[in-house]
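There are 2 protein chains.
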Amino acid sequence: MKWNELSNENCSLARSLAVIGDRWTLLILRDAFLRVRRFDDFQERLGIARRVLAERLAVLVEHGVFEKTAYQERPTRYEYRLTKKGLGLYPIILSLVHWGDEHYAGRKGPPVYHRHKTCGHRFRSVMCCSECGEAVGAKDVMAEAGKA
Amino acid sequence: MKWNELSNENCSLARSLAVIGDRWTLLILRDAFLRVRRFDDFQERLGIARRVLAERLAVLVEHGVFEKTAYQERPTRYEYRLTKKGLGLYPIILSLVHWGDEHYAGRKGPPVYHRHKTCGHRFRSVMCCSECGEAVGAKDVMAEAGKA
DNA sequence: CTCAGAAAGTTCACTTTTAAGACTCATAGG
DNA sequence: CCTATGAGTCTTAAAAGTGAACTTTCTGAG
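Given below as structure tokens:
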């Protein structure tokens with residue numbers, strides 16, 4: 010299978026991966042959630058080849074994950090901001106961070122903590138059921154075929 | 010940056026990606042959560058090159074995501090089962106599916122629904138705060154440096 | 001005016017990774 | 001013996017990634 014055929018699969022996971030399931034893309038997104046917005050900042054923080062960064066950003070803009078807007082004229086300079094759709098990726102990012110925290114943090118604990126502004130506590134992300142609000146684990150879920 | 014240097018980064022997301030952030034790995038895991046366990050079954054369902062599949066499974070076993078156990082002797086045949094650590098990846102998978110459902114499902118709706126056995130309803134995964142239980146969005150979170 | 005510098009890319013010449021598909025090996029059944 | 005099954009390995013060919021230099025459009029300093 011070629012990478013771009015992935016978006017034709019009848020699977021939401023595959024279709025998500027076609028957009029963000031790339032080595033660099035998730036690191037770009039991580040930095041975006043840390044408010045990095047400019048080409049050179051991404052490039053320098055990640056050490057990514059400029060060609061690859063340009064291509065990934067273009068894909069993400071095309072898919073509406075980032076919005077490319079000028080932050081100054083003369084010379085025109087652009088920045089990349091997460092759209093609403095892009096912000097919707099946060100659970101994915103946070104789940105990845107959380108799994109890494111749990112299994113790969115050293116004795117000093119995880120490199121970053123997350124504080125929930127609303128309640129004021131440091132927290133972990135927990136996956137919950139939209140209907141009953143309880144925490145959900147892999148064993149509590151049954152997959153059912155949809156119409157598509 | 011080379012891919013294996015990723016695990017040396019002081020970032021939980023990068024360390025997770027070093028293990029599962031690969032094009033194919035998340036598709037393998039998707040199938041694993043659908044109870045696929047054998048080499049040929051993975052290979053056939055995914056259309057992945059056998060060499061790549063063998064290599065990915067080996068990495069995942071090495072990292073304790075899968076456990077490789079013989080399900081018969083003479084000739085010895087193995088199967089790959091998710092460990093507890095592997096089951097912990099479910100939130101990542103489900104978040105990816107959910108984002109795909111939300112943005113790439115056609116008019117027929119998503120290809121797969123998930124039912125919460127405990128409460129009996131079809132549900133979406135919602136990311137919640139471990140402390141107060143409320144739903145958490147990107148804007149509600151503040152990152153704080155840890156000691157590591 | 002000229003020169004240096006910034007920001008956001010492009011282009012080029014290679015390396016490294018990935019992948020497709022044939023091939024191997026051990027064993028079982030007929 | 002012949003074929004089938006499961007779980008891989010091997011060989012090439014194609015795709016992706018890399019680092020360095022180059023481009024374009026301005027600004028500000030000397």
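Line by line, the protein sequences are chains A and B.
Following the working numbering, the numbering of the first sequence begins with 10 at its first residue and continues without gaps.
Following the working numbering, the numbering of the second sequence begins with 10 at its first residue and continues without gaps.
Ideal placement from N, C-alpha and C gives every residue a C-beta, glycine not left out.
Only a predicted model underlies this, so the values are computations on that prediction, with no experimental measurement involved.
Listed by chain order, chain A residues near residue i by CB distance under 8 Å
i, result
"Lys-117(B)", "Gly-155, Lys-156 and Ala-157"
Chain-ordered neighbours of residue i on chain B, where CB pairs are closer than 9 Å
i, result
"Lys-126(A)", "Lys-148, Asp-149, Val-150 and Met-151"
"Glu-140(A)", "His-125, Cys-128, Gly-129, His-130, Arg-131, Phe-132 and Arg-133"
Partner residues on chain A for residue i, Cβ-Cβ distance less than 7 Å
i, result
"Lys-94(B)", "His-112"
"Asn-19(B)", "Pro-120"
"Ser-32(B)", "It is worth fixing the name first, because residue 32(B) is Arg in this sequence and not Ser. Per Cβ cutoff of 7 Å: Trp-12 and Gly-30."
"Tyr-99(B)", "Gly-146 and Ala-147"
Residue nearest to residue i in terms of C-alpha spacing, selected from the options
i, options, result
"Val-150(B)", "Ser-134(A), Gly-115(A) and Pro-84(A)", "Ser-134(A)"
"Leu-105(A)", "Ala-152(B), Ala-23(B) and Asn-19(B)", "Ala-23(B)"
"Lys-148(A)", "His-107(B), Pro-100(B) and Leu-15(B)", "Pro-100(B)"
"Leu-38(A)", "Ile-102(A), Gly-129(A), His-107(A) and His-130(A)", "Ile-102(A)"
"His-72(B)", "Leu-26(B), His-130(B) and Tyr-80(B)", "Leu-26(B)"
"Arg-116(A)", "Glu-14(B), Cys-138(B), Gly-155(B) and Val-28(B)", "Gly-155(B)"
"Arg-131(A)", "Arg-54(A), Lys-11(A), Asp-50(A) and Pro-119(A)", "Pro-119(A)"
"Gln-52(A)", "Ser-139(B), Glu-140(B), Cys-138(B) and Met-10(B)", "Met-10(B)"
"Val-28(A)", "Gly-56(A), Phe-75(A), Phe-48(A) and Asp-50(A)", "Phe-75(A)"
"Glu-140(B)", "Cys-138(A), Asp-50(A), Glu-140(A) and Gly-129(A)", "Gly-129(A)"
"Glu-14(A)", "Gly-56(B), Ala-79(B), Asp-49(B) and Asp-50(B)", "Gly-56(B)"
"His-107(A)", "Ala-79(B), His-107(B), Glu-111(B) and Cys-138(B)", "Cys-138(B)"
Where residue i meets chain B, residues with beta-carbon distance less than 8 Å
i, result
"Glu-143(A)", "His-125, Thr-127 and Cys-128"
"Leu-22(A)", "Leu-35, Leu-36, Arg-39, Ile-102, Leu-105, Val-106 and Gly-109"
Residues near residue i by beta carbon distance below 6 Å, same chain, minus five either side
i, result
"Met-136(B)", "Val-145"
"Ala-41(B)", "Leu-91"
Proximity of residue i and residue j at Cβ, strictly below 8 Å
i, j, result
"Ser-21(B)", "Tyr-113(A)", "yes"
"Glu-153(B)", "Arg-59(A)", "no"
"Arg-46(B)", "Arg-86(B)", "no"
"Gly-109(A)", "Leu-35(B)", "no"
"Glu-143(A)", "Thr-127(B)", "yes"
Cβ-based neighbour list, residue i, same chain, cut-off 8 Å, excluding 5 preceding and 5 following
i, result
"Ala-157(A)", "Asn-19"
"Val-61(B)", "Trp-33"
Spatial neighbours of residue i in its chain, beta-carbon cut-off 7 Å, leaving aside the 5 residues before and after
i, result
"Arg-54(B)", "Asp-40 and Val-45"
"Lys-77(B)", "Val-70, Tyr-87 and Tyr-89"
"Ser-16(B)", "Arg-24 and Ala-27"
Contact list for residue i against chain B, beta-carbon separation under 7 Å
i, result
"Leu-62(A)", "Result: empty, since nearest Cβ-Cβ is about 12 Å, beyond 7 Å."
"Phe-42(A)", "Ala-147"
- Query: Do the stretch 96-103 of chain A and the stretch 52-72 of chain A make contact, defined as three or more Cβ pairs closer than 8 Å?
  - Reply: Taking one beta carbon from each stretch, the stretch 96-103 of chain A and the stretch 52-72 of chain A have fewer than 3 pairs nearer than 8 Å; the two do not touch.
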